[in-house]
Amino acid sequence: MEMPKPNQMVLSAKARIVARLRDVLPADSVIEDEAETRAYECDALTAYRCPPLAAVLPRTTEEVAAVLRICHEEGVPVVPRGSGTSLAGGALPTADAVILGVARMNAVLETDYDNRFVHVQTGRTNLSVTGAVEADGFFYAPDPSSQLACAIAGNIAMNSGGAHCLKYGVTTNNLLGVTMVLMDGRVVQVGGPFMDAAGLDLLGVICGSEGQLGVVTEAWLRILPKPEGARPVLMGFDSNEVAGACVADIIKAGVLPVAIEFMDRPCIEATEAFAKAGYPMCEALLIIEVEGSPAEIDEQLGVIKSIALRHNPVELREAADEDQAKRIWLGRKSAFGAMGQINDYMCLDGTIPVSSLPYVLRRIGEMSRDFGLDVANVFHAGDGNMHPLILFDANKPGDLEKCEAFGAEILKLCVEVGGCLTGEHGVGIEKRDLMTVQFAPDDLEAQLRVKDVFDPKWLLNPAKVFPLHVTASRRAA
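The sequence shown begins at 654 in the numbering used here and counts up one residue at a time.
Written as structure tokens, this is what we have:
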């Protein structure tokens, strides 16, 4: 009897897997057509693409469990996907993997204002969580720049932050509990609608684990009463270093703004052309917002402005009303889209001590000249979460590789000054080969053993977080 050719065997295996998935999901929840699966071939790190074996879009935790049981039995890798906004390649599939998207799991399951939590399916977008509770005077604090589109599932996977994380913290500080499906289909609940769970802090292990441990299908999120008021002030400076020094002095003074955002000249010019927010044409811009009662706001801004004046700002503008406040924030919220209008870019995510801002900004400028690639800086300055945008030409041979080499040097610099490789974007594929820069072999081994416990076959979100040779040896064991 003639043996089937290798590609026939692959097609046969795919047909069997897809047939099994169709047995447990509605017909419209399984996508196998090659043209249709291309919608899932990359996330927001578009430099890398790979169509998956198939994609599934379940609507319930039970459907997720059924999918994972099948894939576990078949030995098929699974890539969890929220909205696909990851800038680190966190949702990039492999050719033998099934994409498991949670976008259709977007319901609000319970709202409890007395205990200040909302229980949601994790395909719900970040901004729509606040939308569900704002009429009753509450909000959900973490606010990534992609909050209009990004899903709570991805926020939990990457421990996302946002402009207001300086005061309110990142996702882990606002996450009370999760329902998670393990790779073998078992459903577990960690934490819940209360402040602290007994025993080990497994919630702290899950938040930021980048889909390596399980698929989070539901979440209990902390909601907060909306502040009495908020007011931003805009400051322009003659150099990045001076703006960085101003940020360091504000933090040193013990003032706690709700946000401190930084933009440099290339970013200012791009956002002005795109959003026309009325920003001054200077070398560096800070947007600082405080909140509270009118008296509290006046007092905090008084301290902040007095510190800023010591750094000789070229402009100091305080919002006089809600319209002016929205215009101050307009350019910052439009920054990433504005930069995309003028150039291909790679957005980094290193985090540094605030006191190191002046030095790191100077070194990035020097490296920009060395590599011959421009950089636009826009980031959460208050907590030192850097977002350098390295500009390159994707159509120019060698430019992407040069950009990646430049990015690696910036991230190594962040670690060198006492920071880390990522603040909120995650490691994904972008930084996996840099993990040995930050972690010693024993540190990495401890992380690998956690993965071993939750996902012994190493089928969840393959080729992410850990260097490829490490992943390969673990899967072969």
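For glycine and all other residues, C-beta sits at the position ideal for the given N, C-alpha and C.
Going by C-alpha positions, Val-1068 is about 8 Å away from Thr-1004.
A straight-line Cα-Cα distance of about 7 Å links Asp-1086 and Phe-1119.
Along the length of the region 994 to 1082, whole alpha helix (DSSP H) runs at least 4 residues long occupy 1010 to 1024 and 1052 to 1069, reported in chain order. Thr-783 and Pro-795 have their C-alpha atoms some 10 Å from each other. As DSSP reads the structure, Glu-871 sits in a beta bridge with Gln-774 and Thr-832. DSSP places Ala-692 in the helix class (H, G or I) of the three-state scheme. Following the DSSP letters along the chain, one finds Asp-917 in no alpha helix (DSSP H) but inside the beta strand (DSSP E) bounded by residues 912 to 917. DSSP places Gly-984 inside the alpha helix (DSSP H), whose first and last residues are 975 to 986.
When C-alpha distances from Pro-919 are compared across Gly-907, Ala-912 and Cys-935, the shortest belongs to Cys-935. When Cβ pairs closer than 8 Å are counted between the two stretches, the region 741 to 758 is seen to touch the region 1074 to 1082, the count reaching three or more. At a Cβ-Cβ threshold of 8 Å, Val-841 and Leu-835 count as neighbours.
Judged by DSSP in its simplified three-state form, Pro-878 adopts strand. With a beta-carbon spacing of about 4 Å, Pro-1011 and Glu-894 fall inside the 8 Å limit used to define contacts. Below 8 Å, enough C-beta pairs join the region 966 to 978 and the region 884 to 900 to call them touching: three or more.
Within the region 889 to 976, the complete alpha helix (DSSP H) runs of at least 4 residues fall at 893 to 905, 918 to 928 and 947 to 962.
The Cβ neighbour count for His-1122, taken over all protein chains shown within 10 Å, is under 16; the residue is labelled exposed.
Per DSSP, reduced to three states, the secondary structure at Gly-754 is strand.
In this structure, Leu-801 sits away from Arg-757, with a CB-CB distance that is not shorter than 8 Å. When the five nearest sequence neighbours on each side are left out, the beta carbons in the same chain lying within less than 7 Å of the beta carbon of Phe-1059 are those of Met-1020, Phe-1024, Leu-1026 and Ile-1043, in order along the chain. For the pair Leu-877 and Leu-829, the CB atoms are not nearer than the 8 Å cut-off. For Ala-748, the secondary structure class from DSSP, reduced to helix, strand or coil, is coil.
Ala-680 and Val-671 have their C-alpha atoms some 11 Å from each other.
Within a 10 Å sphere around the beta-carbon of Glu-944 sit 16 or more other beta-carbons, which makes this residue buried. A residue is called buried when at least 16 other Cβ atoms come within 10 angstroms of its Cβ; Ala-816 meets this threshold and is buried.
Using a Cβ distance threshold of 8 Å, Pro-705 and Val-751 count as a contacting pair. The beta carbon of Asp-1108 sits closer than 8 Å to those of Leu-835, Met-836, Gln-865, Leu-866 and Gly-867, all from its chain and outside the five residues before and after it, given in chain order. Judged by DSSP in its simplified three-state form, Ala-707 adopts strand. The three-state reading of DSSP puts Val-731 in strand, counting E and B together.
Among the bridge pairs identified by DSSP, Gln-842 is matched with Thr-832.
For Glu-863, there is no enclosing beta strand (DSSP E), as DSSP gives it neither H nor E.
By the criterion of at least three beta-carbon pairs nearer than 8 Å, the region 770 to 787 is not in contact with the region 1031 to 1039. The C-beta of Thr-924 has 16 or more other C-beta atoms within 10 Å across all chains shown, which makes the residue buried. Rounded to the nearest angstrom, the gap between the Cα atoms of Thr-775 and Val-683 is 19 Å.
With a cutoff of 8 Å on beta-carbon distance, Ile-921 and Ile-913 are scored as not near each other. Residue pairing of Leu-1113 in beta bridges, as defined by DSSP: Val-731. Excluding residues up to 5 positions away in sequence, Pro-730 and Thr-747 lie with their Cβ nearer than 6 Å to the Cβ of Pro-1115 in the same chain.
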